Amino acid sequence: MDALVLCLLLSAYPLGCPGLTPPAQLPQPHNLPPAPGSNGSHRSLSVDLPMALRVFSVDYHHVQAPFEIVLWIMLASLAKLGFHWSGRVPAVVPESCLLIMVGLLVGGVIYGVRHSAPPTLSAEAFFLFLLPPIVLDAGYFLPGRLFFENLGTILWYAVLGTLWNVLGIGVSLYGVCLLAHSSLGDVSLLHCLLFGSLIAAVDPVAVLSVFQEMHVNEQLHILVFGESLLNDAVTVVLYKLFESFLRLPSVSGLDVLLGGCRVVVVGLGGLFVGLFFGLVAALTSRFTSRAQVIAPLFVFLYSYLSYLTSEMLHLSGIMAIVTCAVTMKQYVEANVSERSNTSIQYFLKMWSSVSETLIFIFLGVSTIQDVHMWSWPFVCSTLLLCLVWRATGVLLLTAVVNKLRRNAVTFRDQFIIAYGGLRGAICFSLVFLIDDFPKKRLFITTTIVVILFTVFVQGMTIKPLVELLDVKRKKRALPTVSEEIHSRLIDHLLAGIEDVVGYWGQHYWKDKFEQFNKKYLRRFLIREERQARSSILRVYQELERREQRGDEEAPPLVDPRSNSRPLLPEEMDSIRRILSRNLHNFNKRQTPAYSRHTLHQDATMDRTRKPLHRHQSLGDRYTYNTITHWPQVEDVEFNGSHKLRAGLSRSHTVCSISPRHVLQDTSAPVSTAQTAPADPRSSSATADQVSPQHQTPGGRGPKKQLSFDLESEKK
Amino acid sequence: MGSSSSRLDRVPGAKDLMEETGFSETNILCLYDRFEVLDREERGYLRLEDFEAIQQLAVNPIGDRIIGAFVFPGRETLDFPSFVRVLAHFRPTDTTWSRSGSQPEPANSRTRKLRFAFSLYDQDGDGKISRAELTEMLQAMLGMQVTDEQLQSIVGRAIQEADLDRDGAISFDEFKKMAASGQTGLKSVSSIMYRTKQQQQQQQYICGEGGTEQVHLKHSCQTLMFIFC
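Chains as they are written, first to last, in the numbering used here: chain A, 10 to 724; chain B, -17 to 211.
Below, the structure is given as structure tokens:
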């Protein structure tokens, strides 16, 4: 593995990278000369005499730019492959660290060979090309219900926490500069504030890459992750604000006020841009039934367009793209075919993975430069202040927010939130964009040190610390069926009592939105025949699938006498899914940590294609909310169940394996033991595919949770 | 507060109710206001139709059972004290109360709460949750989502797990044991307290001064703390 990586490194070194712009702000601009290897473009190997026709020639210059880009991406991807094969290393060292180290190596090699700084990550390339795929991926797979439930807390941390950090770090750093007047005297308050604004921001890329390998409880995960996404608005605005203040001759109170308004405008503006493009994308996807192959393209195009538009308007691009993804997801998934859905998800994962890898590698490469300026007091105090201010900020904010939340954020969670505030490439790019001033190099160096410190030290130690502190992990012990039923009952009971007493609870707005969604948005944005999936349809598909799978594999035979054995995870899985489909669940659901590298619906996707296309025409049926429809639904359901029986009998006669005998007397305990094992795999397949469309009464059921259930049970 | 004590006089038997159920003055007042909102025709008592008019309750899977807990078939009407008594089950458990005291067990003790939940299952009141009752409950909660086989399978498992003396039905003691074990919703449900407590404090402020405007707001009364255990 290492040899492979080294080979690539060595092959990469002769190539310069003029495709990546060198940092223009460096005092000694390193205009990269075309690397020695590219001189070969001017010579061509020829077999014949110079004037005759050339049989064989090498024209590197022709393909230089794309060639080098591809080679960098290839390097990144092979490095990533290598890490996953290298045994125990990924368990201890997070991938981001390893990638940075590879980057450092490559950078060092390039430097050693050419004696000039290696190419560095240009801010433009980063913001325009590398960051959007990552954020889009994060937004698309965002666990929606959880996110919105915790939205208040997340906003609290993102906006107020970032403000606290920025102001705190900025002002304290200024104090340090005043104290160390001899060396740092020319750093003004505004410069410190500017620096504070870019260094205080928690970076979603870094956070994701570390958290994905940890299994913390999902609430914690969404808090840190959501915060890192949303604080972009605040960060960018503050950064631009301070930058413009720096250019102004003087700063008045009015400017500060206007700056405050800007934060709001930027955040909300990004949101609305994202909403707009999300809805347009959803509408477009409605008409893609005849050209299914290009359906995924619309998702990417519209998202990227929203990002670019908001960047053009100086709004928050990250907010726009996340909003766009969240908005269009449910409609797009309902409108496009299964294969398109899979393509979308796979491409998202792929692009974000490549982006992330490239970012980290370039972070490493860019560290090797000539332009470092070191200052012990500044660097050390920055590190210290970052930690201190974040910790105090989290503590204070949590103390306030715990009074308002239903699930308190425990002390251990707070520690992880504070400690998991990793800085990453966003800080790095922003620092390069600063207008030139004498101490700029110092800022660059400090930023690099902070990033490396947080990613390496904090990234590596967070996992052992989590284990040490015994952060409330996702519970591995699964509740029994009766407990499940009972807890659902309690949820319903409480909701009912709340209604009696007139207490809104958090469901009120959610219910309102769901009603609006159902009445208007879904009708408008989703194709006609896809609007509601009957559960009968689902069960039918399940049986179809069972039938198909019976030809491929034999489910294990179940001993009919063993009906009192403990439940298999798959059975519980299916039962739990059935229960949770309709029922609101206050409990902390078990979901896997967000993963850059896997799709949760992996195992089931390919199986679901065939039956789905056959049975799209089965009748629609609305669930609870439209009770008035029940009379006419009866016959549809009857037809459905009629087909159900037909399907059953087919499976009954075709295969002789005992678990299939679903038509037998269902009240006998014997058959229940047999049908149960066959249920989970098929129902798990259906649930994941159909879950997005299923509307539960009053929006109480967790829609998105279903797709995560499978993964949690399997783990 | 001077104003609230005069308002308390509006509520019949408020002081006794407060003592019996442990609700505070504000709570009683707000409950009374809610009672008046529900009692559209101002009869002084609630009937089945008033409960059925609560929109969200109609879509609740166990809505009819909840209504049944308030207005059960034997009684036609529900007056305010009975309304409060049922809701007293949902107060947070007093940790100070001990079983050996001479007072009768308060409505919000753990056992009484569980009894209340049990009664939702046990519609015919024979003290046991039979298989049929559990099936009915599950059917109500799951609607038309599942086939009969799946339903039976789930019910079978549930009974199997909870039924310790193997008589095919779940008695109250088995129910208690089941609720006590494991990490059911009972514990995490207690987190509702945090939110409602905050709203209660808000409401206290509003309730304290001329609370008639609340009646105009449709769902304005948010006072009770709902912990189930």
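We put the beta carbon where it would ideally sit given N, CA and C, even for glycine. Everything numeric in this text was worked out from a predicted model, so none of it was measured.
Span of the alpha helix (DSSP H) holding Ala215/A?
213 to 220
State yes or no: is the beta carbon of Gln37/B nearer than 9 Å to at least one beta carbon in chain A?
yes
Simplified DSSP state of Ser91/B, which is helix, strand or coil:
coil
Along the chain, where does the alpha helix (DSSP H) containing Ser206/A start, and where does it finish?
198 to 208
Below-9 Å beta-carbon distance, Arg497/A vs any chain D residue
The chain labelled as chain D is not found among the protein chains of the depicted structure, namely A and B.
List the residues of chain A that Gly45/B touches, going by C-beta distances under 9 Å, in chain order.
His501, Gly505, Asp508
First through last residue of the alpha helix (DSSP H) which encompasses Gln228/A:
227 to 256
If you measure from the beta carbon of Ile48/B to each beta carbon in chain A, is any gap under 9 Å?
yes
Counted within 10 angstroms of its Cβ, other Cβ atoms place Trp9/A as buried (16 or more) or exposed
Shown here, chain A extends from 10 to 724; a query on residue 9/A therefore has no answer.
Residues that DSSP places opposite Ile111/B in a beta bridge
Ile152/B
Among Leu151/A, Tyr166/A, Met110/A, which one has its Cα closest to the Cα of Ala400/A?
Tyr166/A
Quick one: any contact between the region 337 to 354 of chain A and the region 72 to 89 of chain A, if contact means 3 or more CB pairs under 8 Å?
no
Identify the contact partners of Ala114/B in chain A, using a Cβ-Cβ distance below 8 Å as the criterion.
Going along chain A, no residue has its Cβ under 8 Å from Ala114/B, so there is no contact; the nearest lies around 11 Å.
Measure the alpha-carbon distance for Leu234/A versus Ala99/B and round it to whole angstroms.
In the sequence under discussion, the amino acid at residue 234/A is Phe, which differs from the Leu named in the question. In a straight line, the C-alpha of Phe234/A is about 38 Å away from that of Ala99/B.
Compare the C-alpha of Val66/B against each of Glu58/B, Asp15/B, Asp108/B, Glu118/B and name the closest.
Asp15/B
Since Gly279/A and Leu324/A should fall inside the 8 Å C-beta cutoff, what is the C-beta to C-beta distance between them, to a whole number of angstroms?
4 Å
Over what stretch of residues does the alpha helix (DSSP H) that includes Thr504/A continue unbroken?
Going by the sequence as given, residue 504/A is Ala instead of Thr. Where Ala504/A is concerned, the enclosing alpha helix (DSSP H) stretches over 490 to 510.
What span of residues does the alpha helix (DSSP H) with Gly338/A cover, start to end?
Looking at the sequence provided, one finds Lys at residue 338/A rather than Gly. It spans 326 to 344 - the alpha helix (DSSP H) in which Lys338/A sits, taken as one unbroken run.
Excluding the five sequence neighbours on either side, which residues of its own chain have a C-beta within less than 6 Å of the C-beta of Arg(-8)/B, listed in chain order?
none
Which chain A residues are close to Arg94/B, counting only those with a beta carbon under 7 Å from its beta carbon?
Within 7 Å Cβ-Cβ: nothing; Arg94/B doesn't reach chain A, min ~14 Å.
Could you have a look at Leu28/B and say whether DSSP puts it in helix, strand or coil?
strand
Residue of Asp21/B, Phe157/B, Ala35/B minimising C-alpha distance to Arg94/B:
Phe157/B
Short CB-CB distance (under 9 Å) between Ile494/A and chain B
yes
Do Tyr355/A and Leu145/A come within 9 Å of each other at the CB atom, strictly closer than that value?
no
Any idea what DSSP makes of Leu146/B, helix, strand or coil?
coil
Counting only beta-carbon separations shorter than 9 Å, does Leu20/B have a partner in chain A?
yes
Hey, is Arg57/B's beta-carbon within less than 9 Å of any beta-carbon in chain A?
no
How would you write the range of the alpha helix (DSSP H) that Arg(-8)/B sits in, first residue to last?
Where Arg(-8)/B is concerned, there is no enclosing alpha helix (DSSP H), given that its DSSP letter is neither H nor E.
When you compare the CB of Ala151/B with every CB in chain A, is at least one pair closer than 9 Å?
no
Does Leu217/B come within less than 9 Å of chain A when only Cβ atoms are used?
Because chain B here runs from -17 to 211, residue 217/B falls outside it and cannot be looked at.
Considering Cα atoms alone, identify which of Leu108/A, Gly429/A, Val509/A, Ser362/A is closest to Leu7/A.
As displayed, chain A neither begins before 10 nor continues past 724, which places residue 7/A out of reach and without an answer.
Do Ile435/A and Gly112/A have their CB atoms nearer than 9 Å?
no
How do the region 93 to 103 of chain A and the region 347 to 354 of chain A stand: do at least 3 beta-carbon pairs fall below 8 Å, yes or no?
no
Start and end residues, alpha helix (DSSP H) containing Phe135/A
Element bounds for Phe135/A: n/a, residue is neither H nor E.
Bridge partners - Leu60/B, DSSP secondary structure assignment:
Leu28/B
Three or more C-beta pairs closer than 8 Å, one from the region 267 to 287 of chain A and one from the region 236 to 250 of chain A: is that the case here?
yes
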